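Student: One structure coming up, written as structure tokens, with questions to follow.
Number of protein chains: 4
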Amino acid sequence: MARERKFSIDELFHETNQLLLKHGYDGFTFGLLADSLNVSRGALYKYFENKDELLTNFIFYEMDQFLLKLKQIDDQQGFEAQFDFLLQLIFSHVDIQKLIKIAQQIPGNEEKFGKLHFDMYQYLQGFIELGKQEGKLKSTIPNALILGYIFQSVAIPNHFDIPTSVWVSSIKEIIRHGMFTNT
Amino acid sequence: MARERKFSIDELFHETNQLLLKHGYDGFTFGLLADSLNVSRGALYKYFENKDELLTNFIFYEMDQFLLKLKQIDDQQGFEAQFDFLLQLIFSHVDIQKLIKIAQQIPGNEEKFGKLHFDMYQYLQGFIELGKQEGKLKSTIPNALILGYIFQSVAIPNHFDIPTSVWVSSIKEIIRHGMFTNT
Amino acid sequence: MARERKFSIDELFHETNQLLLKHGYDGFTFGLLADSLNVSRGALYKYFENKDELLTNFIFYEMDQFLLKLKQIDDQQGFEAQFDFLLQLIFSHVDIQKLIKIAQQIPGNEEKFGKLHFDMYQYLQGFIELGKQEGKLKSTIPNALILGYIFQSVAIPNHFDIPTSVWVSSIKEIIRHGMFTNT
Amino acid sequence: MARERKFSIDELFHETNQLLLKHGYDGFTFGLLADSLNVSRGALYKYFENKDELLTNFIFYEMDQFLLKLKQIDDQQGFEAQFDFLLQLIFSHVDIQKLIKIAQQIPGNEEKFGKLHFDMYQYLQGFIELGKQEGKLKSTIPNALILGYIFQSVAIPNHFDIPTSVWVSSIKEIIRHGMFTNT
DNA sequence: GATGAATGAGAATTCATTCAT
DNA sequence: TATGAATGAATTCTCATTCAT
Chain W
1 MARERKFSID ELFHETNQLL LKHGYDGFTF GLLADSLNVS RGALYKYFEN
51 KDELLTNFIF YEMDQFLLKL KQIDDQQGFE AQFDFLLQLI FSHVDIQKLI
101 KIAQQIPGNE EKFGKLHFDM YQYLQGFIEL GKQEGKLKST IPNALILGYI
151 FQSVAIPNHF DIPTSVWVSS IKEIIRHGMF TNT
Chain U
1 MARERKFSID ELFHETNQLL LKHGYDGFTF GLLADSLNVS RGALYKYFEN
51 KDELLTNFIF YEMDQFLLKL KQIDDQQGFE AQFDFLLQLI FSHVDIQKLI
101 KIAQQIPGNE EKFGKLHFDM YQYLQGFIEL GKQEGKLKST IPNALILGYI
151 FQSVAIPNHF DIPTSVWVSS IKEIIRHGMF TNT
Chain V
1 MARERKFSID ELFHETNQLL LKHGYDGFTF GLLADSLNVS RGALYKYFEN
51 KDELLTNFIF YEMDQFLLKL KQIDDQQGFE AQFDFLLQLI FSHVDIQKLI
101 KIAQQIPGNE EKFGKLHFDM YQYLQGFIEL GKQEGKLKST IPNALILGYI
151 FQSVAIPNHF DIPTSVWVSS IKEIIRHGMF TNT
Chain S
1 MARERKFSID ELFHETNQLL LKHGYDGFTF GLLADSLNVS RGALYKYFEN
51 KDELLTNFIF YEMDQFLLKL KQIDDQQGFE AQFDFLLQLI FSHVDIQKLI
101 KIAQQIPGNE EKFGKLHFDM YQYLQGFIEL GKQEGKLKST IPNALILGYI
151 FQSVAIPNHF DIPTSVWVSS IKEIIRHGMF TNT
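Residue numbers (UniProt numbering), protein chains in the order written: chain W, 1 to 183; chain U, 1 to 183; chain V, 1 to 183; chain S, 1 to 183.
Written as structure tokens, this is what we have:
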């Protein structure tokens with residue numbers, strides 16, 4: 001009965017993603033988004049009361065998607081398989097880390113997203129424990145650091161355009177056995 | 001007979017540092033800085049044509065300071081000593097990484113700062129080469145990744161407040177020999 | 001076979017009344033009204049071309065209702081009875097005064113409502129004349145002031161919550177014989 | 001040293017007064033005011049953080065001016081003189097009543113201005129008491145109503161342009177001895 | 001008749017920047 | 001040099017109103 005929508009929430013989220021990564025939290029504006037979608041600013045306010053609500057919703061949505069996939073780590077048999085799964089997942093969702101950082105800038109959500117981050121870590125406790133039980137992971141290293149390290153590795157800027165395969169396998173090697181030889 | 005300056009560039013840079021880290025690129029304003037220094041906005045424009053020029057100058061200055069110290073790595077004898085020196089330096093200049101990220105947001109400076117980052121890496125080529133010559137560093141890992149990894153490690157958020165000494169020594173261990181056992 | 005109306009004009013006017021008194025002319029919006037009636041904004045535009053038309057219609061309607069009752073003043077025998085009737089009527093329609101003030105804010109209706117106000121006064125000429133003929137009302141006081149005074153008395157804010165009966169009888173006393181003693 | 005001001009706070013308040021009375025609380029905008037003063041909107045924000053702060057300040061200022069004059073009522077000898085003084089004052093500050101009503105619309109100031117109104121009444125307790133002591137004012141009428149009535153009388157709209165002198169003396173007559181004859 | 005989308009104009013507010021003194 | 005004023009552009013947000021279904 002009503003007029004047909006000029007854009008879907010999916011499209012809106014898609015554009016939001018692009019613009020957010022490109023311009024950052026402060027640089028992202030309703031004007032930018034409206035232009036991307038070829039709609040008026042006002043139209044966006046029908047769906048989200050303000051910028052922060054939009055971004056909060058969007059990032060929660062993305063995080064949920066990511067956590068859903070992360071959950072599948074439990075389907076992998078053995079620590080090594082889980083490790084590979086995790087790295088592959090992280091590398092195919094590079095932007096999630098950036099979004100999380102952006103999320104932390106949204107005023108009023110500090111705890112909310114702090115918690116989310118925390119949850120994600122919690123989520124991987126099983127994986128860590130398994131690694132330590134299997135004697136694969138060094139028991140002396142704090143769990144938080146292990147996870148932090150793995151997640152962080154995705155953020156190392158590849159300024160020199162080293163081929164992805166080399167890059168990724170090197171990272172795995174460092175994570176596993178470090179950059180020092182055993183001599 | 002000139003009127004005495006109400007503030008020195010040192011003070012200006014010091015406040016800039018504080019405010020920039022606290023509020024980020026967009027959040028940093030001349031108003032904020034002027035208030036911190038108890039001067040008028042207008043006065044700041046006598047020294048820097050605009051916000052971006054100020055920030056560019058400031059970050060270059062900081063980077064120079066850092067590079068100066070980094071240069072001292074050559075005074076260290078042997079790769080192991082240089083490695084320790086580098087890590088200690090990075091951990092005592094945590095904010096440099098943040099400033100670099102901020103620098104990348106300044107429009108028109110993309111390459112400029114890309115280059116600076118690049119230079120810093122260049123700077124450490126000697127260190128890397130030494131490590132590989134001494135047979136300490138795995139020769140298969142790209143130099144850029146080695147440095148990237150080392151620098152990045154400082155940015156892993158210690159959400160669970162693990163004591164610094166444990167944190168740092170664990171990081172060193174991972175960098176050296178990874179998080180996997182050798183079994 | 002037409003779809004049944006989801007709301008009657010009576011309901012619409014009733015809600016308009018509430019909202020108008022609560023939020024004032026500027027604060028009253030179609031959105032507010034639509035929500036109260038559980039209809040869409042758009043639906044309201046089927047009945048009234050715009051906000052001002054709605055409010056104009058509504059206030060005219062209310063005024064008509066009020067004038068209808070006011071007309072009954074002629075049924076009262078004698079000036080004293082008419083006086084009591086009038087006061088009782090005014091006190092039981094406190095909001096009419098507010099609506100009239102609001103009406104004066106509607107752009108383009110200045111004269112229209114000026115006239116309406118005027119008419120109401122005209123309406124009570126008979127009452128005034130009777131009072132003066134009966135020698136009850138001081139002939140020196142302009143008719144407009146007599147009516148203005150009576151109507152205005154309803155608008156005195158009772159900040160200290162003096163009981164209505166005391167309040168009203170005191171007002172009557174002032175209107176009749178003033179607040180000064182006769183000494 | 002700095003540029004000369006294009007407008008003074010006095011001019012600003014003067015224009016505010018005009019515009020506020022003409023357009024009401026909602027209708028009053030910084031744009032309107034800026035235009036009146038031939039300045040940019042932005043300039044106004046140097047003096048007042050926002051519309052409400054401006055209006056609050058302005059109205060407080062006006063009220064203070066008024067209360068200052070009101071205080072002089074104590075210089076008048078005897079109740080009759082005070083009564084005349086009060087009426088003359090009120091009639092020469094017709095707009096104060098309107099401003100007070102507007103003040104009540106400013107969100108967050110409800111109590112603040114409620115109190116101010118209250119204070120003004122308190123201020124006149126002495127006058128009322130004197131009137132009752134001298135046996136001039138009917139002791140049965142609540143003080144609040146006496147004052148309310150006096151203040152309110154200024155607000156009766158003189159739609160028919162009755163000459164001020166007649167209007168005012170008639171009002172005084174009604175206040176003193178009512179509109180009824182003594183028969 | 002009714003809906004819900006979309007528009008577009010206007011208002012508040014913030015700042016980088018310019019300018020007269 | 002420094003000041004404090006003023007500007008103007010950008011941004012957020014709110015509605016009255018229009019429109020396709």
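We put the CB at the ideal spot given by N, CA and C, even for glycine.
It should be emphasised that the depicted structure is a prediction, and the values quoted were computed from it without experimental measurement.
Go through its chain and collect everything with a Cβ distance to W/PHE151's Cβ below 8 Å, but skip five positions before and after it.
Tutor: Position 151 of the first sequence, counting from 1, holds the residue named residue 151 of chain W. So the qualifying residues of the chain are ILE90, GLN97.
Student: Below 7 Å on C-beta distance, what does U/GLY178 contact in chain W?
Tutor: Residue mapping note: residue 178 of chain U aligns to position 178 of the second sequence, counting from 1. The answer, in chain order, is ILE174, ILE175, ARG176, HIS177, GLY178.
Student: So if DSSP puts W/PHE60 in a beta bridge, which residue, or which two residues, is it bridged to?
Tutor: Reading the first sequence from its first residue, position 60 is the one you call residue 60 of chain W. Its beta-bridge partners do not exist; DSSP assigns none.
Student: Between W/THR16 and W/LEU67, how many whole angstroms is the CB-CB distance? I'm expecting something under 8 Å.
Tutor: Walking along the first sequence from the start, residue 16 of chain W turns up at place 16. Walking along the first sequence from the start, residue 67 of chain W turns up at place 67. That belief does not hold up - the Cβ atoms of W/THR16 and W/LEU67 are roughly 19 Å apart, past 8 Å.
Student: Can you tell me which of the three DSSP states U/LEU44 falls into?
Tutor: Numbered from 1 along the second sequence, position 44 holds the residue referred to as residue 44 of chain U. Reduced to three states, the DSSP call for U/LEU44 is helix.
Student: Have a look at the DSSP bridge pairing and note the partners of S/PHE180.
Tutor: Taking the fourth sequence and counting its residues from 1, the one referred to as residue 180 of chain S is at position 180. Answer is V/LEU137, bridged to S/PHE180.
Student: Assuming V/MET120 and S/ILE175 make a contact with CB atoms under 8 Å, what is their CB distance in whole Å?
Tutor: Taking the first residue of the third sequence as position 1, residue 120 of chain V is located at position 120. Taking the first residue of the fourth sequence as position 1, residue 175 of chain S is located at position 175. The pair is not a contact, with the Cβ atoms about 24 Å apart (cut-off 8 Å).
Student: Report back the beta-carbon spacing between U/PHE79 and U/GLY131 to the nearest angstrom; my notes put them in contact at under 8 Å.
Tutor: Here residue 79 of chain U corresponds to residue number 79 of the second sequence, with the count starting at 1. Here residue 131 of chain U corresponds to residue number 131 of the second sequence, with the count starting at 1. 5 Å between Cβ atoms; contact.
Student: Does the beta carbon of W/ASP26 come closer than 7 Å to any beta carbon on chain U?
Tutor: One-based indexing of the first sequence puts residue 26 of chain W at position 26. So, interface residue.
Student: Look at the alpha carbon of U/TYR61 and the alpha carbon of U/ILE146, and state the distance between them as a whole number of angstroms.
Tutor: Translated into positions along the second sequence, residue 61 of chain U becomes position 61. Translated into positions along the second sequence, residue 146 of chain U becomes position 146. Annotation: U/TYR61 to U/ILE146 spans about 26 Å, alpha carbon to alpha carbon.
Student: Can you find a C-beta in chain S that's less than 7 Å from the C-beta of V/LYS138?
Tutor: Residue numbering aside, residue 138 of chain V sits at position 138 when the third sequence is read from its first letter. By this cut-off, V/LYS138 is an interface position.
Student: I need the boundaries of the alpha helix (DSSP H) containing U/LEU32, first residue and last residue.
Tutor: The residue you call residue 32 of chain U lines up with position 32 of the second sequence. Unbroken alpha helix (DSSP H) run through U/LEU32: 30 to 37.
Student: If you draw a straight line from the C-alpha of S/LYS6 to the C-alpha of S/PHE13, how long is it?
Tutor: Within the fourth sequence, the letter at position 6 stands for residue 6 of chain S. Within the fourth sequence, the letter at position 13 stands for residue 13 of chain S. C-alpha separation (whole angstroms): 14 Å.
Student: For the alpha helix (DSSP H) holding V/ALA144, just list the boundary residues, first then last.
Tutor: On the third sequence, residue 144 of chain V is found 144 positions in, with the first residue counted as 1. From DSSP, the alpha helix (DSSP H) with V/ALA144 extends over 143 to 153.
Student: Determine the chain W residues that contact U/GLN152 at a beta-carbon separation under 8 Å, and present them in chain order.
Tutor: Locating residue 152 of chain U in the second sequence gives position 152, where the first residue counts as 1. Ordered by position in chain W, the residues that pass the 8 Å Cβ test against U/GLN152 are GLN152, SER153, ALA155, ILE156.
Student: Going by other Cβ atoms of all chains shown within 10 Å of its Cβ, with 16 needed for buried, is W/GLY31 buried or exposed?
Tutor: Counting from one through the first sequence, the residue named residue 31 of chain W turns up at place 31. That one is exposed.
Student: Cα-Cα, which of W/PRO107, W/VAL168, W/ASN158, W/GLU173 is closest to W/ASP52?
Tutor: Counted from its first residue, the first sequence places residue 52 of chain W at position 52. Out of W/PRO107, W/VAL168, W/ASN158, W/GLU173, W/PRO107 has the C-alpha closest to the C-alpha of W/ASP52.
Student: How about S/ALA81: is its C-beta nearer than 7 Å to some C-beta of chain V?
Tutor: Translated into the one-based positions of the fourth sequence, residue 81 of chain S becomes position 81. Not closer than 7 Å to any Cβ of chain V, the Cβ of S/ALA81 fails to qualify, so no.
Student: Give me, in chain order, the residues of the same chain whose beta-carbon lies closer than 7 Å to that of U/MET63; leave out the 5 immediate sequence neighbours on both sides.
Tutor: Stepping through the second sequence from its first residue, residue 63 of chain U is reached at position 63. Taken in chain order, the residues that qualify are LEU116.
Student: Look at the alpha carbon of V/ASN57 and the alpha carbon of V/ALA103, and state the distance between them as a whole number of angstroms.
Tutor: By 1-based counting over the third sequence, the position of residue 57 of chain V is 57. By 1-based counting over the third sequence, the position of residue 103 of chain V is 103. If I take the Cα positions, the gap works out to 10 Å.
Student: Could you have a look at S/GLN105 and say whether DSSP puts it in helix, strand or coil?
Tutor: For the purposes of this step, residue 105 of chain S is taken as residue 105 along the fourth sequence, with counting starting at 1. In this structure, S/GLN105 counts as coil in the three-state DSSP scheme.
Student: Strictly under 7 Å for the Cβ-Cβ distance: is V/TYR45 near chain S by that measure?
Tutor: One-based indexing of the third sequence puts residue 45 of chain V at position 45. Closer than 7 Å: no.
Student: Whose CA, out of W/ILE73, W/HIS177, W/LYS69, W/GLN18, lies closest to the CA of W/LYS138?
Tutor: The count along the first sequence starts at 1 and reaches residue 138 of chain W at position 138. Selected option, being the one with the closest Cα: W/HIS177.
Student: Compute the Euclidean distance between the alpha carbons of U/GLU49 and U/GLY42, then round it to the nearest angstrom.
Tutor: Numbered from 1 along the second sequence, position 49 holds the residue referred to as residue 49 of chain U. Numbered from 1 along the second sequence, position 42 holds the residue referred to as residue 42 of chain U. U/GLU49 and U/GLY42: Cα-Cα distance of roughly 10 Å.
Student: List, in order along the chain, the chain W residues whose C-beta lies closer than 7 Å to that of U/PHE160?
Tutor: Against the second sequence, residue 160 of chain U aligns to sequence position 160. Simply ALA144.
Student: Along the chain, where does the alpha helix (DSSP H) containing W/LYS115 start, and where does it finish?
Tutor: Numbered from 1 along the first sequence, position 115 holds the residue referred to as residue 115 of chain W. First-last of the alpha helix (DSSP H) with W/LYS115: 110 to 123.
Student: Give a yes or no on whether the C-beta atoms belonging to V/ILE141 and S/SER169 are separated by under 7 Å.
Tutor: Here residue 141 of chain V refers to the residue found at position 141 when the third sequence is read from its first residue. Here residue 169 of chain S refers to the residue found at position 169 when the fourth sequence is read from its first residue. Cβ atoms of V/ILE141 and S/SER169: not closer than 7 Å.
Student: Need the endpoints of the alpha helix (DSSP H) that V/GLU15 sits in, please.
Tutor: Counting from 1 along the third sequence, the entry for residue 15 of chain V is found at position 15. Unbroken alpha helix (DSSP H) run through V/GLU15: 9 to 27.
Student: In chain order, what residues of the same chain have a beta carbon less than 7 Å from the beta carbon of U/GLU134, not counting five sequence neighbours either side?
Tutor: As a first step, residue 134 of chain U is located in the second sequence; it is residue number 134 there, counting from the start. These residues qualify, in order along the chain: PHE79.
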